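Participant: One structure, as structure tokens, below. Some questions next.
Chains as they are written, first to last, in our numbering: chain R, 1 to 255; chain A, 1001 to 1256.
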């Protein structure tokens, strides 16, 4: 536990030193505040459009931060050779990967928390305190980010940041189109295409499954069963991907 | 008595490139390092020294044979709880100070916080860095970083210290400091296993020495015996290099 905490805290300290991180965060905050401008150019239910715009900004930029930090998570330690003195300790490699991962999740948690605080202030000043379901949607966003980060960590365990970025972006994109893969498979006449599409659907992550943005924007409550379902899916899938990351990293020689 | 380090028929093969070309960096290495001795590991560039040390440090896995630290398989992280390691060029988080970085390594070695604080003070004093304990490492010179590297290797009071080219890049004063530290470790009953290109240091410090060329062990014995036979260690080393079969760099010993 001490090793895990120490690694996670150092990863957090390393991550928050990155200036690019702040650039992304500031840009996201500007968009959250700037969502008020949408009020001026919208016809209809302005309050919902503003909430939707602000929430989408948080979703997108939090995902960008997760990918940006995740893809170089392990590679950076190998490239700078700081891993040499760390892994020569009585430290299982699984704990190293997990410690780095948890440090990154902590960083993301803080970043999302900052964005949510700014969101709350902006929304409260313009249209009153947002409904509770909005905060539930941010909680589920964190679960989505944890899964995305696990994928980025897996790619980072065996490739450089460029390749890892490409793969993570691909997973992110496909993961948001998972329902379309199912629809495509169901519409296909060929049995092979149907089976392939279904296999892909079940193997690849479904990031849309985490999203309750529509309910959040409209202030519609979400049932506990849905929340438990999403949590179980997120925890199970993240564990599998992290286990794969550990397996890959355990077999790797440090150049 | 359980040897501090034991290699039994240890080999390491790398696969590299698109066609996974086979490169044999280490072949059938068998040697024992007894507790309490200073053991020198020498060889030309690309001989397999660093590969051997990386296997001990848990950075590489052997592909054949066995490697043990105090009887524990090198793949088991517990094997390294009694080992301190200094890589050839130690790299640290440069935004941290020496005190912070040693605290970090102490925690990773599961050393209690009060012991970390005491050992940090003692070691920084020993390597003459006390004045710079709270200065970020990015302001340190190469020699100072090497000394911090020594501190992290010794922080958890290991029974075995593995040093990869510990004199590399040090000025004469730094080399003298490292030499005296190695002797002190032996006097305290610890085992030191180190590689070096500086044969004079090996000759004056080591009890026994192994010469590795092209990934294979070519000579192993007491320094005194090698010196008695060849006049000095450099001659012994050069004669082994002359006797060794030229190695095909495409298949052997270029990855160390």
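The C-beta atom is built at its ideal place from N, Cα and C for all residues, glycine as well.
This structure is a prediction, so every number in the text was calculated from the model and none was measured.
So residue 67 of chain R and residue 169 of chain R are supposed to be a Cβ contact under 8 Å. How far apart are they, rounded?
Facilitator: For the purposes of this step, residue 67 of chain R is taken as residue 67 along the first chain, with counting starting at 1. For the purposes of this step, residue 169 of chain R is taken as residue 169 along the first chain, with counting starting at 1. Right, the Cβ-Cβ distance comes to about 7 Å (below 8 Å), so this counts as a contact.
Participant: Do the stretch 1151-1161 of chain A and the stretch 1090-1104 of chain A meet, that is, are 3 or more Cβ pairs less than 8 Å apart?
Facilitator: yes
Participant: What does DSSP give as the partner residue(s) for residue 1274 of chain A in the beta ladder?
Facilitator: The question about residue 1274 of chain A has no answer, for chain A in this structure spans 1001 to 1256.
Participant: Please tell me whether residue 72 of chain R and residue 161 of chain R are closer than 7 Å, where the distance is taken between their beta carbons.
Facilitator: Your numbering for residue 72 of chain R matches position 72 in the first chain. Your numbering for residue 161 of chain R matches position 161 in the first chain. For residue 72 of chain R and residue 161 of chain R, yes; Cβs fall inside 7 Å.
Participant: Given a limit of 7 Å on CB to CB distance, which residues of the stretch 57-77 of chain R reach chain A?
Facilitator: Within the stretch 57-77 of chain R, no residue has a Cβ that lies closer than 7 Å to any Cβ of chain A.
Participant: Where does residue 1073 of chain A fall in DSSP's three states?
Facilitator: As a working note, residue 1073 of chain A is residue 73 in the second chain. Correct three-state label for residue 1073 of chain A: strand.
Participant: Per DSSP, what are the beta-bridge partners of residue 1084 of chain A in this structure?
Facilitator: In the second chain, the residue the question calls residue 1084 of chain A occupies position 84. In the DSSP output, where bridge partners are listed per residue, residue 1084 of chain A has A:1161.
Participant: What residue range does the beta strand (DSSP E) around residue 217 of chain R cover?
Facilitator: Here residue 217 of chain R refers to the residue found at position 217 of the first chain. Not the beta strand (DSSP E): residue 217 of chain R falls in the alpha helix (DSSP H), residues 213-218.
Participant: Could you give the first and the last residue of the continuous beta strand (DSSP E) run that contains residue 1015 of chain A?
Facilitator: Your numbering for residue 1015 of chain A matches position 15 in the second chain. Segment 1005-1016, the beta strand (DSSP E) holding residue 1015 of chain A.
Participant: Compute the Euclidean distance between the alpha carbons of residue 48 of chain R and residue 130 of chain R, then round it to the nearest angstrom.
Facilitator: Numbered from 1 along the first chain, position 48 holds the residue referred to as residue 48 of chain R. Numbered from 1 along the first chain, position 130 holds the residue referred to as residue 130 of chain R. About 11 Å.
Participant: Exposed or buried, which one is residue 202 of chain R when buried takes at least 16 other CB atoms within 10 Å?
Facilitator: Position 202 of the first chain, counted from the start, is the residue given in the question as residue 202 of chain R. That one is exposed.
Participant: Any C-beta of chain A sitting closer than 7 Å to the C-beta of residue 253 of chain R?
Facilitator: On the first chain, position 253 is the one that residue 253 of chain R refers to. Yes, residue 253 of chain R counts as interfacial toward chain A.
Participant: Taking 8 Å as the cut-off, does the stretch 78-89 of chain R touch the stretch 1069-1087 of chain A (at least 3 CB pairs, one atom from each stretch)?
Facilitator: yes
Participant: With the cut-off set at 7 Å, would you say residue 1036 of chain A and residue 1169 of chain A are in Cβ contact?
Facilitator: As a working mapping, residue 1036 of chain A is identified with position 36 in the second chain. As a working mapping, residue 1169 of chain A is identified with position 169 in the second chain. Cβ distance not < 7 Å, so residue 1036 of chain A and residue 1169 of chain A don't count as in contact.
Participant: Which complete alpha helix (DSSP H) runs does the stretch 12-89 of chain R hold, if anything under 4 residues is left out?
Facilitator: 19-34, 46-70, 73-79, 82-87
Participant: Any beta carbon of chain R sitting closer than 7 Å to that of residue 991 of chain A?
Facilitator: Residue 991 of chain A cannot be examined here, being either before or after the span of chain A that is shown, 1001 to 1256.
Participant: Checking contacts by CB at 7 Å: is residue 1108 of chain A closer than that to chain R?
Facilitator: For the purposes of this step, residue 1108 of chain A is identified with residue 108 of the second chain, where counting begins at 1. Answer yes: the Cβ-Cβ gap between residue 1108 of chain A and chain R drops below 7 Å somewhere.
Participant: Would DSSP call residue 1119 of chain A helix, strand or coil?
Facilitator: Taking the first residue of the second chain as position 1, residue 1119 of chain A is located at position 119. Of the three classes helix, strand and coil, the one that applies to residue 1119 of chain A here is helix, per DSSP.
Participant: Identify, in the order they occur along the chain, each residue of the same chain with its Cβ nearer than 8 Å to the Cβ of residue 1022 of chain A, setting aside the five sequence neighbours on each side.
Facilitator: What you label residue 1022 of chain A is simply residue 22 of the second chain in a count that begins at 1. Only residues of its own chain outside the window of five on either side were considered, and among them 1013, 1014, 1015, 1251 have a CB closer than 8 Å to the CB of residue 1022 of chain A, listed in chain order.
Participant: Does any residue of chain A have a CB that is nearer than 7 Å to the CB of residue 81 of chain R?
Facilitator: Here the question's residue 81 of chain R lines up with position 81 in the first chain. Closer than 7 Å to some Cβ of chain A, the Cβ of residue 81 of chain R qualifies, so yes.
Participant: Tell me the rounded alpha-carbon separation between residue 1212 of chain A and residue 1068 of chain A.
Facilitator: Locating residue 1212 of chain A in the second chain gives position 212, where the first residue counts as 1. Locating residue 1068 of chain A in the second chain gives position 68, where the first residue counts as 1. So the two alpha carbons sit approximately 19 Å from each other.
Participant: Are the C-beta atoms of residue 2 of chain R and some chain A residue less than 7 Å apart?
Facilitator: By one-based count along the first chain, residue 2 of chain R stands at place 2. Chain A, which has a Cβ nearer than 7 Å to the Cβ of residue 2 of chain R, makes this yes.
Participant: Near residue 1039 of chain A, which residues of its chain fall below 8 Å by C-beta distance, leaving aside the five closest residues on each side in sequence?
Facilitator: As a first step, residue 1039 of chain A must be located in the second chain, where it is residue number 39. Same-chain partners within the cutoff: 1005, 1033, 1191, 1192, 1193, 1194, 1206, 1207, 1208, 1209, 1210.
Participant: Could you tell me whether any Cβ in chain R is nearer than 7 Å to the Cβ of residue 1146 of chain A?
Facilitator: Taking the first residue of the second chain as position 1, residue 1146 of chain A is located at position 146. Not one chain R Cβ lies under 7 Å of residue 1146 of chain A.
Participant: Examine the Cβ distances between the stretch 1097-1105 of chain A and the stretch 1121-1138 of chain A and report whether three or more of them are shorter than 8 Å.
Facilitator: Result yes; three or more Cβ-Cβ pairs closer than 8 Å.
Participant: Give the residues from the stretch 1066-1099 of chain A that approach chain R closer than 7 Å (Cβ to any Cβ), ordered along the chain.
Facilitator: 1077, 1078, 1080, 1081, 1085, 1087, 1090, 1091, 1092, 1093, 1095
Participant: Can you check whether the CB of residue 238 of chain R is closer than 7 Å to the CB of residue 147 of chain R?
Facilitator: The residue you call residue 147 of chain R lines up with position 147 of the first chain. The residue you call residue 238 of chain R lines up with position 238 of the first chain. Yes; because the gap between Cβ atoms is below 7 Å, this pair is in contact.
Participant: Interface residues of chain R around residue 1054 of chain A at Cβ under 8 Å?
Facilitator: Your numbering for residue 1054 of chain A matches position 54 in the second chain. Going along chain R in sequence order, the residues near residue 1054 of chain A (Cβ under 8 Å) are 253, 254.
Participant: Looking at residue 11 of chain R and residue 100 of chain R, is the spacing between their C-beta atoms short of 7 Å?
Facilitator: Numbered from 1 along the first chain, position 100 holds the residue referred to as residue 100 of chain R. Numbered from 1 along the first chain, position 11 holds the residue referred to as residue 11 of chain R. Contact flag set, yes.
Participant: Would the stretch 9-29 of chain R and the stretch 100-112 of chain R be scored as touching if the rule is three or more Cβ pairs under 8 Å?
Facilitator: yes
Participant: From the DSSP output, in three-state form, read off residue 1002 of chain A for me.
Facilitator: Here residue 1002 of chain A corresponds to residue number 2 of the second chain, with the count starting at 1. In this structure, residue 1002 of chain A counts as coil in the three-state DSSP scheme.
Participant: Here's the rule: buried if 16 or more other CB atoms are within 10 angstroms of the residue's CB, otherwise exposed. What is residue 178 of chain R?
Facilitator: Here the question's residue 178 of chain R lines up with position 178 in the first chain. Residue environment analysis places residue 178 of chain R among the buried positions, since at least 16 neighbouring C-beta atoms fall within 10 angstroms of its C-beta.
Participant: Consult DSSP for residue 1176 of chain A and reduce its assignment to one of helix, strand or coil.
Facilitator: Position 176 of the second chain holds residue 1176 of chain A. Looking at residue 1176 of chain A - three-state DSSP - the assignment turns out to be helix.
Participant: Distance check for residue 1197 of chain A and residue 1044 of chain A, CA to CA, integer angstroms please.
Facilitator: Within the second chain, numbered from 1, the residue matching residue 1044 of chain A stands at position 44. Within the second chain, numbered from 1, the residue matching residue 1197 of chain A stands at position 197. Whole-angstrom Cα-Cα distance: 8 Å.
Participant: Kindly indicate which residue of R:53, R:175, R:60, R:65 has the alpha-carbon position closest to the one of residue 20 of chain R.
Facilitator: Position 20 of the first chain, counted from the start, is the residue given in the question as residue 20 of chain R. Closest by alpha carbon: R:65.
Participant: Compare the C-beta of residue 1127 of chain A against all C-beta atoms of chain R and say whether one is closer than 7 Å.
Facilitator: Along the second chain, read from residue 1 onward, the residue named residue 1127 of chain A stands at position 127. By this cut-off, residue 1127 of chain A is not an interface position.
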